[in-house]
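Chemist:
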Ligand SMILES: [Zn+2]
């Protein structure tokens, strides 16, 4: 079977993401929010599409500033739905705004989205999915699993033989800390 670790290295879009981002810990709340929004928008599409639209997404969503996106009114959301650079899907746009609001609420209770994730760790995938379904919108099993893999909360982003795996281990992802 061909895996992401086979096809990504050297690819103009997948390569940099695979080598430097996929599976590595993410600590900034806006960066975590960006990853969640990209995973939600990927539903039904390819990750390659998301990587190619990433710059347009950043521009359209104010660099994924949680405070700004949480305040998007109907007019701002309509503007997003008219932007051909992003995914023009009403439910996905609404989910970005609603999840920004929910992450801001999490900040009030836990200090940050990153600390909220850390406070719940370790959970297995099913427990994470239950928690995400109850906390956010548009976060089913596949999206939640992909998001957690991509930020190093679930093991398995990379194949054991992939050289990036060793670099991720040195950066101490959450899934490895639970085993120590
Ligand atoms: Zn890999």
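Numbering (the numbering used here), first residue to last: 6 to 185. Just so you know, even glycine gets a beta-carbon here, dropped at the ideal spot from N, CA and C. Computed from a prediction, not measured in an experiment: that's the story for all the values here.
1. Given a threshold of 16 other Cβ atoms within 10 Å of its Cβ, counted over all protein chains shown, does residue 182 qualify as buried or as exposed?
2. Within 10 angstroms of the Cβ of residue 4, are there 16 or more other Cβ atoms? Answer buried if so, exposed if not.
3. Ligand 1 and residue 19: does any heavy atom of the ligand fall closer than 6 Å to the residue's C-beta?
4. CB of residue 163 to nearest heavy atom of ligand 1: below 6 Å?
5. Can you check the segment 6-88 for any alpha helix (DSSP H) of at least 4 residues that lies completely inside it and give the ranges in chain order?
6. How is residue 90 classed by DSSP in three states: helix, strand or coil?
7. Where residue 92 and residue 177 are concerned, what is the direct C-alpha to C-alpha distance, given to the nearest angstrom?
Modeler: Concretely, from the data shown:
1. Along the chain shown, one-based indexing puts residue 182 at 177. Of the residues assessed, residue 182 falls on the exposed side of the cut-off, its CB having fewer than 16 other CB atoms within 10 angstroms.
2. Only positions 6 to 185 of the chain appear in this structure, which leaves residue 4 out of reach.
3. Looking up residue 19 in the chain shown gives position 14. No.
4. Taking the first residue of the chain shown as 1, we reach residue 163 at position 158. For ligand 1, a non-hydrogen atom lies closer than 6 Å to the CB of residue 163.
5. The alpha helix (DSSP H) runs of length 4 or more contained entirely in the segment 6-88 are, from start to end of the chain, 9-12, 19-25, 34-47, 52-65, 71-75, 79-86.
6. Counting from 1 along the chain shown, the entry for residue 90 is found at position 85. Coil.
7. Along the chain shown, read from residue 1 onward, the residue named residue 92 stands at position 87. Along the chain shown, read from residue 1 onward, the residue named residue 177 stands at position 172. Rounded to whole angstroms, residue 92 to residue 177 spans 33 Å at the Cα level.
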